[in-house]
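As you go down the protein sequences, you meet chains A and B in turn. In terms of our numbering, the first sequence opens at residue 617 and continues consecutively. In terms of our numbering, the second sequence opens at residue 11 and continues consecutively. Written below as structure tokens is the structure these notes are about.
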Amino acid sequence: MLSFTDHFGISDEKMIRVMETALSRGAEYCDIFFEHTVENQLTMEEGIVREGIKWISHGAGIRAVKGEGTGYAYTEDLSLEKMNQAALTAAAIADTGASPPPVAVSEVLFENRYPVDDPVTGVPLKKKISWIEEAEEAARRHDPRVIKVTVTMADSLSTVQIATSEGRLLRDTRPMMRISVSVVAETDGNRQIGISSGGGRLGSGYFETGMTPASHGREAARQAALLLEAVDAPAGPMELILAPAESGVFLHESVGHPLEADFIRKKTSTYTDRIGDRVASELVTVIDDGTVINNRGAINFDDEGTIPTPTVLIEKGILKGFMHDRISARYFGVEPTGNGRRESYKSPPLPRMTVTYLAAGESDPEDIFRSTKKGIYCKSFKGGQVDISNGDFVFVPIEAYLVEDGKVTAPVKNLTLIGNGPDVMTRVTMTGRDFAFSDGRWTCGKGQQAPVGVGLPTIKISEITVGGSELQ
Amino acid sequence: MENNRLKDLAAKTVETALARGADSSEVSILTDTEFSVSVRNGEIENLIESGSRRICIDIFVGGRKAVVTSTDISEESIDQLLAEGIELARVMDRDEYAGLPDKNELGAGGGELEMFDDAASSITAVDKIDMAMKLEQVTTAMDARIISDGASCSTVTLTSVLANSLGFCESFDRTSSSISVSCAAEDRPASGENKGKKQSSWWYSTSISFAGLDPVEKVAARTVERTLRKLGAVKPKTCEVPVVFDDVTARQLLSYVASATGGSSIYRKSSFLVDRLGEEIGSPLVTVIDDPLMKGRPGSRPFDVEGVRSRPKTVVNAGTLENYLLSSYQARKLGLKTTGNAGGPSNLYMEAGEHSPDEIIAGVDSGLYLTSMSGPGANWSTGDFSQGAQGIWIRGGKLAEPVSEFTITGTFAKMLSGIVIVGSDLEWRGSINCPTLRIDSMTVSGT
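Structure follows, in structure tokens:
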């Protein structure tokens, strides 16, 4: 692994000079975000490893902040001249004369939430290819109806360094890996697709966590084959049971996004001014926590240098707090929560989720099924979306079933679930004791992409609108 | 000048790749300069100004392919990249379809495509900030209920350079300007738990040239209209009804169909249009064109991302699927010819029909006027279609109450064959455009 000086070749003294420039027109605060990222991707299609991609990104973003205003510029040339030029561009957010100079930087230490001895980025290509082949073979052998298998192995290693005008200097190396298998199964002209993927801020040790390349291959094939048997989903309101782990996507959309503090500061979220209100049933406690070890959404510090701590958003149904970046935290006079994240050096940070989860309850999952007369049970998901202002959110299952008189029956397809966050959260009537985090596969897109984690126990929602095609 | 320097660098990199052991290679260099400002409540919230660049090298060694790319275009970095690329290519499997396009496909088509605004460099940062400020002011002044969620103005200048080992070496420049504004309004329901409920919307204009942007008054009016007409929205009953897709949702639908015609979806058997070439896939009212040679449009280009000369093509002709959108690799996999669509569709649109949106609405006794769709449930890979929706209920040919928190469900096959009217309102706001459409019947799932 290269050292920080090798990547960025910039002394503390030079960083201070660049920050002086960024503060030269009256900004209250500035920071420099250095990034060197190497990403690799190998793809196997139709039995051949057909393409290898290596992607290198290297640059620095300079930000000057005044109140709620941000001036931002980035450069891929880390010479002092170019960095100063970028700093001067960022400085233009203010025009009230120079601010006090930046404080001398000193390195801030933190606990490492993703200790990895062998990042996948350093694993020999032959080894990565053997994982891919193992996944592909397992998928192909699982079911004779499998006609196409695509396997992608992606890894990255991102070295970041942040210097702030408040004197903080933080350095981190962020590993990430993800294997993804996509399977098409076909019978009598009916084609269905199954997907299985996972990973996290882990090395090759990921494949010792219970999931192997072959298990992802089999899982994707199982899903595709299952969907060949699926019937069209019903339309109308009914009960909903969400399986543990993956169903966290429901949480991410329904209350996650609307509790990101930029929407609160701008007064466009439906949760604006509602701290202290009951916004969910008392079974609901929601936490955002960037410290979950090796999780895809974990961060040692956010992209403006704040070390995250678990943030309680909803406690037993009462709205307790929001996810802040530095700007929103100052606006509300609270401490930043470590949610200021950015896609790369090309973008200023925004309040973003890290690992968002709903805490375990006390119900036996079997009781949850037993109590359900007519509903839908969802196990895995394609994704979701939310309208922040009115709270309406959708999420789309991949693997879902009908539940009839307490029993899981036919698999269903072609449905979107839609609910209103503030209404639906009051209808969480049971929470299981079987909490689990999702495997590392989720990426959130809020203008910028960010890897995130989710988690949830089995939960029951007494009514939600199931958007299938079959009228009841 | 700068383009010639980048073209030289690209051509030289191709040569070096061959010298290092590649048997063919393609090099692209992309540079961009961006400026964007967003304002809210009369103050600048974000001001971003920067330039970036990236070199991307495709290396083929004996039918094995690697791609290496970096933001560092120094000689030392490119040398390192090439070495890694060749090493990477050597461990790939041989792919009989891999390689550059046929030489006779390469070239620049269409003459002057008017993709560059010569006035771009004379538009100052102050002009752009003023534009965003004015857009916000005009929007909030239109109605006392409007809460601003900010307005923005941005400009981008892109240079695209491409060289390959068949002797191709070309470049083009493109400019793009856009403005947008978002706003919200309180929509507190009489009952229920959602005490902070609001409705929001946004609108925009985009153009090759700054002068070609829609007037701020027009953008503001559309944003305010789209926001206020949602106030008091109710959940509709579950039923089957005709659905009128407005130009926004029709465009979204067409973009899904465009994805389904893409070569990678076809050869991966992940499209509802697999094996349908030459067959009827929609109503005779549906004609879809992909035309990269239109002048001054956002998707115009003289060649695609692998240097294949651009040409217009009919994708769907009066309901019959005539072309997939193919790169040379995808075409070889399918035993077809490239359509110059490496990198995707260019300017893709559905040809306009004869009826205005008002006439289309007037023809519906009871149905849905669909103004927004959300979520990843439009599964063009299998043909299933299910989306979160918002809109306005149509009663007796007139727009009645706003509706929200429901879904619409159907299949692409039934929807395309169920297009019974195509509107006359084809407007160009991006690279994919579609007029208002009426689809005869879909399932609405609400209460």
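In this text, a Cβ means the ideal position worked out from N, Cα and C, and glycines have one as well. These numbers were taken from a predicted model, which means no experiment stands behind them.
Just so you know, the alpha carbons of B/Arg319 and B/Ser281 end up roughly 26 Å apart. DSSP places A/Gln657 in the uninterrupted beta strand (DSSP E) bounded by 645 to 661. Contact between the stretch 1018 to 1025 of chain A and the stretch 391 to 404 of chain B is absent, with fewer than three C-beta pairs closer than 8 Å.
Between B/Gln262 and B/Met383, the gap from beta carbon to beta carbon is short of 8 Å. DSSP places B/Gly73 in the coil class of the three-state scheme, outside both helix and strand. Look at the beta carbons and you see the stretch 832 to 847 of chain A not touching the stretch 860 to 869 of chain A: under three pairs across the two are nearer than 8 Å.
Between the C-alpha atoms of A/Pro829 and A/Gly1056 there is a straight-line separation of about 14 Å. Around A/Glu667, the same chain offers Thr659 as residues with beta carbons nearer than 7 Å, after the five sequence neighbours per side are excluded. By the rule that beta-carbons nearer than 8 Å mark a contact, A/Leu696 does not touch chain B.
Here B/Asn351 is not near B/Leu331, since their CB atoms are 8 Å or more apart. Residue nearest to A/Trp1058 within the set A/Val1068, A/Asp1050, A/Phe938 is A/Val1068 (criterion: CA-CA distance).
Against chain B, the beta carbon of A/Pro853 has neighbours under 7 Å at Thr457, listed in chain order. Taking a Cβ-Cβ threshold of 7 Å, the residues of chain B close to A/His674 are Thr81, Asp82, in chain order. Out of B/Arg63, B/Ile54, B/Arg104, B/Cys66, the CA that lies nearest to the CA of B/Lys75 is found in B/Arg104. For A/Tyr961, the secondary structure class from DSSP, reduced to helix, strand or coil, is coil. In the DSSP assignment, B/Gly120 forms no beta bridge with any residue. Listed along the chain, the chain B residues whose CB falls inside 9 Å of the CB of A/Leu1031 are Gly387, Asp394, Ser396, Thr417, Thr419, Ser455.
Annotated as distal: A/Ala877 and A/Glu959, with beta-carbon spacing of 8 Å or more.
The continuous stretches of beta strand (DSSP E) do not include B/Trp438, and DSSP gives it neither H nor E. Within the stretch 890 to 969 of chain A, the complete alpha helix (DSSP H) segments of 4 residues or longer fall at 942 to 948, listed in chain order. Looking at the backbone, the Cα of A/Leu929 and that of A/Asp918 are separated by about 18 Å. The shortest CA-to-CA distance from B/Asn114 to any of B/Ala372, B/Leu176, B/Ile189, B/Leu264 is the one to B/Leu176. Using a 10 angstroms sphere on the CB of A/Ile669, the tally of other CB atoms reaches 16 or more, which defines it as buried.
The beta carbon of A/Met635 is closer than 6 Å to those of Cys646, Pro718, Ser781 in its chain, skipping five residues each way along the sequence.
Distance from the Cα of A/Thr886 is smallest, within the candidate group A/Pro740, A/Ala703, A/Ile664, A/Asp1003, for A/Asp1003.
Pairwise C-beta distances place the stretch 699 to 712 of chain A in contact with the stretch 669 to 687 of chain A, as three or more of them are shorter than 8 Å. Around A/Glu684, the beta-carbon contacts reaching into chain B at under 8 Å are Arg50, Glu53, Glu55. Here A/Asn728 has Asn916 as same chain residues with Cβ atoms under 8 Å from its own Cβ, once five neighbours each way along the sequence are excluded. Taking a 10 Å sphere around the C-beta of A/Lys882, we find 16 or more other C-beta atoms and assign the residue as buried.
Between the alpha carbons of B/Ala129 and B/Ala154 lies a gap of roughly 37 Å.
Counting C-beta pairs closer than 8 Å gives fewer than three between the stretch 240 to 256 of chain B and the stretch 165 to 174 of chain B, which falls short of the contact rule. A distance below 8 Å separates the beta carbons of A/Ile795 and A/His832. Counting only residues of its own chain and dropping the five nearest sequence neighbours on each side, A/Leu786 has a CB closer than 6 Å to the CB of Val724, Ile778, Phe917, Gly921. Residues of chain A whose Cβ lies closer than 9 Å to the Cβ of B/Gly288 do not exist; the shortest such Cβ separation is about 17 Å. Secondary structure at A/Pro829: helix, using DSSP grouped into helix, strand and coil.
At a C-beta separation below 7 Å, A/Val847 has no neighbours in chain B, since its nearest C-beta there lies roughly 12 Å away.
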